[in-house]
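The structure appears right after this line, and notes come after that.
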Amino acid sequence: MTALATYLAPLAALLVCLPASAETLVPTRVIRAKTIIAPEDVEILPGETTGALEHPVEAVGLEAVVTLYPDRAIRPGDLAPPALIERNALITLVYRAGGVAIATEGRALDRGAEGDRIRAMNLSSRTTVTGRVDGSGRVVLSPNSDLELALESP
Numbered sequence: 080m081t082a083l084a085t086y087l088a089p090l091a092a093l094l095v096c097l098p099a100s101a102e103t104l105v106p107t108r109v110i111r112a113k114t115i116i117a118p119e120d121v122e123i124l125p126g127e128t129t130g131a132l133e134h135p136v137e138a139v140g141l142e143a144v145v146t147l148y149p150d151r152a153i154r155p156g157d158l159a160p161p162a163l164i165e166r167n168a169l170i171t172l173v174y175r176a177g178g179v180a181i182a183t184e185g186r187a188l189d190r191g192a193e194g195d196r197i198r199a200m201n202l203s204s205r206t207t208v209t210g211r212v213d214g215s216g217r218v219v220l221s222p223n224s225d226l227e228l229a230l231e232s233p
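So the sequence shown is numbered by the working numbering: it starts at 80 and just counts up by one.
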């Protein structure tokens, strides 16, 4: 037995004997889908729930994808980044190619968060286009937008 193993053996035995404390993050009230989670909306309960979130920082600022009920564990799939664009909203479409950027008005045909690909209608030409939502709530189009969409589809 090495010197390191001699010192670690009692520590390992101690760790095996200690009970594991686990916590589960739960809502304090009914939270409807599309609601942004605030710090007062969640609390930590003792006990482990497999696959559930454990810390408020994992949930605060995200949007509920489904209705969340009090005292039921919040799982990662229940939350998503908040949508920046709502369906039917008037938006700015930005087409970028090389060093040129063209902006026009459009209407969102889907709802989307930053980084999501959504469909939108160019109000000038009535053409449906697909682009990616940027951090400012605009939809950015590129020459390869339709090709990227085809490659992402299963």
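Just so it is clear, CB atoms sit at the ideal spot from N, CA and C, and this is done for glycine as well. It should be emphasised that the depicted structure is a prediction, and the values quoted were computed from it without experimental measurement.
Just the Cα atoms here: how many angstroms apart are residue i and residue j?
i, j, result
"residue 122", "residue 138", "11 Å"
"residue 165", "residue 116", "18 Å"
"residue 201", "residue 119", "40 Å"
"residue 212", "residue 154", "25 Å"
"residue 145", "residue 108", "14 Å"
"residue 218", "residue 208", "10 Å"
"residue 220", "residue 124", "45 Å"
"residue 177", "residue 112", "40 Å"
"residue 191", "residue 205", "20 Å"
"residue 133", "residue 114", "20 Å"
"residue 167", "residue 197", "12 Å"
"residue 80", "residue 106", "Legend: pLDDT at residue 80 = 49, less than 50; position of this residue unreliable, value from coordinates given subsequently. Looking at the two C-alpha atoms, the distance is approximately 50 Å."
What do you reckon, are the CB atoms on residue i and residue j nearer than 8 Å?
i, j, result
"residue 210", "residue 193", "no"
"residue 297", "residue 110", "This structure does not reach residue 297, given that the chain is present from 80 up to 233, and the question cannot be answered."
"residue 216", "residue 163", "yes"
"residue 235", "residue 172", "Residue 235 is absent from the structure shown; the chain starts at 80 and stops at 233."
"residue 159", "residue 141", "yes"
Can you tell which of the options has its C-alpha closest to the C-alpha of residue i?
i, options, result
"residue 174", "199, 129 and 190", "199"
"residue 104", "147, 135, 156 and 113", "135"
"residue 188", "113, 169 and 182", "169"
"residue 203", "195, 182, 191 and 196", "182"
"residue 195", "161, 178 and 176", "161"
"residue 128", "102, 114, 149 and 106", "102"
Can you say whether residue i is buried or exposed, counting buried as having 16 or more other CB atoms within 10 angstroms of its CB?
i, result
"residue 152", "buried"
"residue 222", "exposed"
"residue 180", "exposed"
"residue 149", "exposed"
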